Amino acid sequence: MKTRCLAATEEAVLLASGIIKSGGLVAFPTETVYGLGADALNGQAVLSIFAAKGRPADNPLIVHVSDRGQAARVGRWNERAGRLADAFWPGPLTLLLPKDPDISFAVSAGLDSIAVRMPGHPVALRFIEACGTPVAAPSANLSGRPSPTEAAHVLSDLDGRIPLVLDGGPCSVGLESTVLDLTGREPLILRPGAVTPGQIAELCGSCLVADSVMRPLVDGETAPSPGMRHRHYAPRGKMTLFKGQPDKVAAAICEAYDASGNACILAFSGHLHLYGGRRTRDIGQDAEQAAQRLFLVLRSMDASRVDRILCETLPDEGIGLAVMNRLMRAAAFDLVNADSR
Ligand code: TXA
Ligand code: MG
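Under this note's numbering, the final residue of the sequence shown carries the number 1568; numbering is consecutive throughout.
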């Protein structure tokens, strides 16, 4: 199959919505990462997403909507969900609700709950509206690769496997949405994202964070979200994270760098000068920029065939929690405390 990549003009969006209506797949931009969409009401189309990505069949998809009417069609709403949607939609918050019986188990991978989100990106909203149907979409990468934050990343993973990529430029958030389980008594974050536990607690009175967010699953443990059970992106080179005082972190990183062959240091802009002449990549000035750049930087590590990746960390507060969650998985939880060396 030949894959076209078109700038997201109205004409291209209409072409894309035609593909969705006839049961095909389209990659489209959102504010978080690019999604790979299919008609959520067409079970066959939904199954073809799993084939194109090489995604395990037991990992459920998020349904994307352009209005609250569509959202009400896919899941059972309550007052709390309505309040959260009022506050954060369109935006990077996915709500987990009891599934409407009409929605295929292909979307929810057999679960009775359904994940739903209204993306905060004008192209995504216009595209879903033109489709006239809720759009089921995981991130538009091959399973096991970092999520795509640019159309070029989608092409590098899915060229030849899907008919069309809508190019809406780089994603502004850069990390996948916060997944919030609303099926229990207290809201529970299954995957941290740009909408933070603090913001949710402010609105709902409390917000729990699944403790598996910052640690590996132990043998036999069931993941609160199926996506957490699967192997996550790991770069080709061995990756280690370092925490502690910046000068101690820099000393520990320099020592590891000097002891290895083809290494690269991932550091915040304000610390680059601590690494005198060694090969570095700037991950940004703050947590927001780190979120925006993380997947791009990790993709570039593989492209430049780095063997050893030495990376600074940040406090797991605000969006820092989401950045650390992705970093910990990319580094297979290899974290050095530079202060206690
Ligand atoms: O920002 C995002 O969320 C992006 C864009 C495209 O919207 N999408 C995305 O989808 O990251 P995906 O499929 O890569 O991640 C969806 C996550 C997975 O970890 C999945 O297990 C979880 O949401 N999920 C979906 N439905 C669920 C359900 N019913 N119960 C528990 N977890 C669910
Ligand atoms: Mg994904």
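Backbone N, C-alpha and C define an ideal beta-carbon position, used for all residues, glycine too.
Nothing here was measured: the structure is a model prediction, and the numbers come from that model.
- Its Cα nearest to that of Phe1354, the residue Gly1245 stands out among Gly1245, Val1533 and Gln1512.
- For Ile1341, the enclosing beta strand (DSSP E) has its first and last residue at Ser1340 to Arg1344.
- Under DSSP, the beta-bridge partners assigned to Pro1325 are Ser1340.
- Membership of Lys1470 in the beta strand (DSSP E) is indicated by the continuous run Lys1465 to Lys1470.
- Annotated as distal: Gly1395 and Thr1376, with beta-carbon spacing of 8 angstroms or more.
- Judged by DSSP secondary structure, Val1381 falls outside any beta strand (DSSP E) and instead within the alpha helix (DSSP H) spanning Ala1378 to Leu1385.
- The alpha-carbon separation between Gly1281 and Asp1529 amounts to approximately 20 angstroms.
- Taken through DSSP and simplified to helix, strand or coil, Glu1237 comes out as helix.
- Contact between the region 1402-1419 and the region 1378-1390 is absent, with fewer than three C-beta pairs closer than 8 angstroms.
- For Val1290, the closest C-alpha among the options Pro1319, Glu1306, Pro1283 and Ala1314 is that of Pro1319.
- For Arg1535, the enclosing beta strand (DSSP E) stretches over residues Arg1535 to Glu1539.
- Taking the C-beta atoms as reference points, Ala1279 is found no nearer than 8 angstroms to Leu1391.
- For Leu1311, DSSP assigns no beta-bridge partner whatsoever.
- Relative to Glu1429, the option among Ala1265, Ala1314 and Cys1398 whose CA is nearest is Ala1314.
- Cβ-Cβ separation between Arg1303 and Pro1283: approximately 26 angstroms, too far for a contact (criterion under 8 angstroms).
- The C-alpha of Asn1368 is placed about 8 angstroms away from the C-alpha of Gly1262.
- Between Ile1427 and Pro1419, the C-beta gap is not smaller than 8 angstroms, which leaves the two residues out of contact.
- Shown here for Gly1488: same chain residues with a beta carbon closer than 6 angstroms to its own, the five before and five after excluded, namely Asp1534 in chain order.
- Pro1373 is classed as buried because its beta carbon has at least 16 other beta carbons within 10 Å across all chains shown.
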